[in-house]
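Worksheet for the structure shown next.
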């Protein structure tokens, strides 16, 4: 067991959305102390350039390091897409983005969920289909303009499996819709259809929810994509990956003392508390303003 | 004529939306040199606190002062709501927000446009209605969360006319809808109805478009509010006010040399150029990145 295991897990996001990652981590690692930084004074990152987002991400990590963390999770997809490599070069602490876990999840879940090739009708002379491993998997990534334009998911998927067919759809209205609380609203469903119809028409095995806000739209997206498409929740996958990584490095907290959850925001705490409590379904306490 | 008249007009906004103000100023003052700063690295201001927005606004003014300006227009409604007074205290240069011109416009246009009191049916014993000046004007302000929560428009309206009935509706989805290019889309119309139906049911004389993006939704809003409600465009009103103020102070540029239009953005110019060109309906040239 490492002497660092008593330290907190640091999580940062551009704002409120990363609370979906926070929630999954707190579920799967209920003993861990968590410290969350939401860069609400500069949110969103999704429409901003790689250079700007990387600059902000470095400042966020510097702040979390002062809070004595043992590992940092980049909950924001855009920051993961643009900045994780730069962060890993700059800092020695383990830093985990949401892209790689999401990609691993899509290949696992999407591959498993994809319907078996239907048997040819008896009497047919078709050759037997190749086994399911060589069947071309169709994965769609949805996210912010920045995440999709970066093609970070596409590149990461192709590094693991060059045969996968990947499409990307930017859904810029989803974040404001979630923050408005319109998770299962009729209008939200129409907007989702508008964004996704074309992709769905081409057939799909899995859809990666490539933005921290999107897990809250899961039931609406389920209606739009139908039952046969696997929805891959990066937040869940990242929490699982965080647990595995801590375990492997002997960094899991052993204490049975009640863990602390602390929140820092770069804008005033009011809106974060209000919208964040709605997102988490519980009142957010312990939110402090900080300038970084 | 002041020796400062050769200087530029400075305009700043949280991002792209202020280009609607820029456009109106360039129409009404075609001889003026204009310098526009869009704080795209920190956009939007509409969900951020007064303290944070004021801090950003002060930095924006400092930047524009180095560009040798003679007057500064705060194109952003949220910054106007939160920061104009602080800016006017901090700096000696004339600084104009969009709230006061919008309010003056609403009282002028809304008052003029409000339908005459219908004549009572003959044979009725009702007393004659008081003259139109004492009729209570109903004005609705639409804007970002920050602008509406600040009640800046309500206060400014009541300073001029305490009898006006003012309602405010935050329409957080309008900015992303405009930036998505969905100006006259069926979904946008539904969302507008969702936000505004209740207010419209109570009756309305004028609606102030209290966010720089909203003039682009004018034709959709016209369908939603009907023909009898005056739509007050803060951008137009502010441009008119800018011209009056320059004239009064002898600051109008006299040169017949072709004016220059320069744009600075705090994030990379790419998205600003792309979305901004769509908003203005012409290609934006001369956009430079700057860190402030």
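Residue numbers (the working numbering), protein chains in the order written: chain E, 26 to 317; chain H, 26 to 317. Glycine included, each C-beta is placed from N, C-alpha and C at the ideal position.
Item, Value
"Given residue 192 of chain E as reference, the closest of E:200, E:181, E:202 once Cα atoms are compared", "E:181"
"Those residues which DSSP pairs with residue 94 of chain E across a bridge", "E:33"
"Buried or exposed by the 16-neighbour rule on C-beta atoms within 10 Å, applied to residue 285 of chain H", "exposed"
"Neighbour flag for residue 144 of chain H against chain E, beta carbons, 8 Å", "Confidence in residue 144 of chain H is poor, its pLDDT being 44 and thus under 50, which makes the residue's placement unreliable; the coordinate value appears in the next sentence. Not closer than 8 Å to any Cβ of chain E, the Cβ of residue 144 of chain H fails to qualify, so no."
"Of the residues E:240, E:69, E:56, the one placed nearest residue 280 of chain E, counting alpha carbons only", "E:56"
"For residue 120 of chain H and residue 9 of chain H, believed in contact at Cβ under 8 Å, the rounded distance", "Any question about residue 9 of chain H goes unanswered here, given that chain H covers just 26 to 317."
"Residue 40 of chain E and residue 63 of chain E closer than 8 Å at C-beta", "yes"
"Close-in-space but distant-in-sequence residues of the same chain around residue 126 of chain E (CB under 6 Å, 5 per side omitted)", "262, 263, 266"
"Short CB-CB distance (under 8 Å) between residue 84 of chain E and chain H", "no"
"Classification of residue 269 of chain H by the beta-carbon crowding that lies within 10 angstroms, buried from 16 upward", "exposed"
"Neighbourhood of residue 84 of chain H by C-beta, 7 Å cutoff - its chain only, sequence neighbours within 5 removed", "317"
"C-beta atoms of residue 242 of chain E and residue 213 of chain E nearer than 8 Å", "yes"
"Residue 311 of chain H, buried or exposed, once every other Cβ within 10 Å from all chains shown has been counted against 16", "exposed"
"CA-to-CA distance, residue 293 of chain H to residue 98 of chain H, given in whole angstroms", "23 Å"
"Validate contact between the region 196-216 of chain H and the region 288-306 of chain E using beta carbons, cut 8 Å, 3 pairs", "no"
"Residue of E:173, E:167, E:277 minimising C-alpha distance to residue 246 of chain E", "E:167"
"Neighbourhood of residue 314 of chain H by C-beta distance below 8 Å, restricted to the same chain and skipping five residues each side", "289, 290, 291, 292, 293, 294"
"Distance, residue 185 of chain H Cα to residue 156 of chain H Cα", "Legend: pLDDT at residue 156 of chain H = 46, less than 50; position of this residue unreliable, no value from coordinates given."
"Residue 292 of chain H at chain E interface by Cβ criterion, 8 Å", "yes"
"Unbroken stretches of the beta strand (DSSP E), 3 residues or longer, contained in the region 55-105 of chain H", "59-63, 94-99"
"Inter-residue CB distance, residue 257 of chain E and residue 217 of chain E (contact presumed, cutoff 8 Å)", "Residue 257 of chain E to residue 217 of chain E, Cβ: 16 Å. No contact."
"Residue of E:66, E:175, E:301, E:227 minimising C-alpha distance to residue 203 of chain E", "E:301"
"Outcome for residue 283 of chain E when other beta-carbon atoms lying within 10 angstroms are tallied against a minimum of 16", "exposed"
"Other residues of its chain near residue 165 of chain H: CB distance less than 8 Å, five sequence neighbours each side excluded", "191, 192, 193, 194, 221, 224, 229, 231, 232, 233"
"Any chain E beta carbon closer than 8 Å to residue 264 of chain H", "no"
"Among H:170, H:299, H:115, nearest to residue 299 of chain E - alpha-carbon criterion", "H:170"
"Residue of H:94, H:100, H:173 minimising C-alpha distance to residue 117 of chain H", "H:94"
"Start and end residues, alpha helix (DSSP H) containing residue 282 of chain E", "Per DSSP, residue 282 of chain E belongs to no alpha helix (DSSP H) and is neither H nor E."
"Cβ neighbours of residue 178 of chain E in the same chain (closer than 8 Å, five flanking residues each side left out)", "106, 124, 127, 128, 166, 168, 172, 191, 193, 233, 235"
"Simplified DSSP assignment, three categories, for residue 121 of chain H", "strand"
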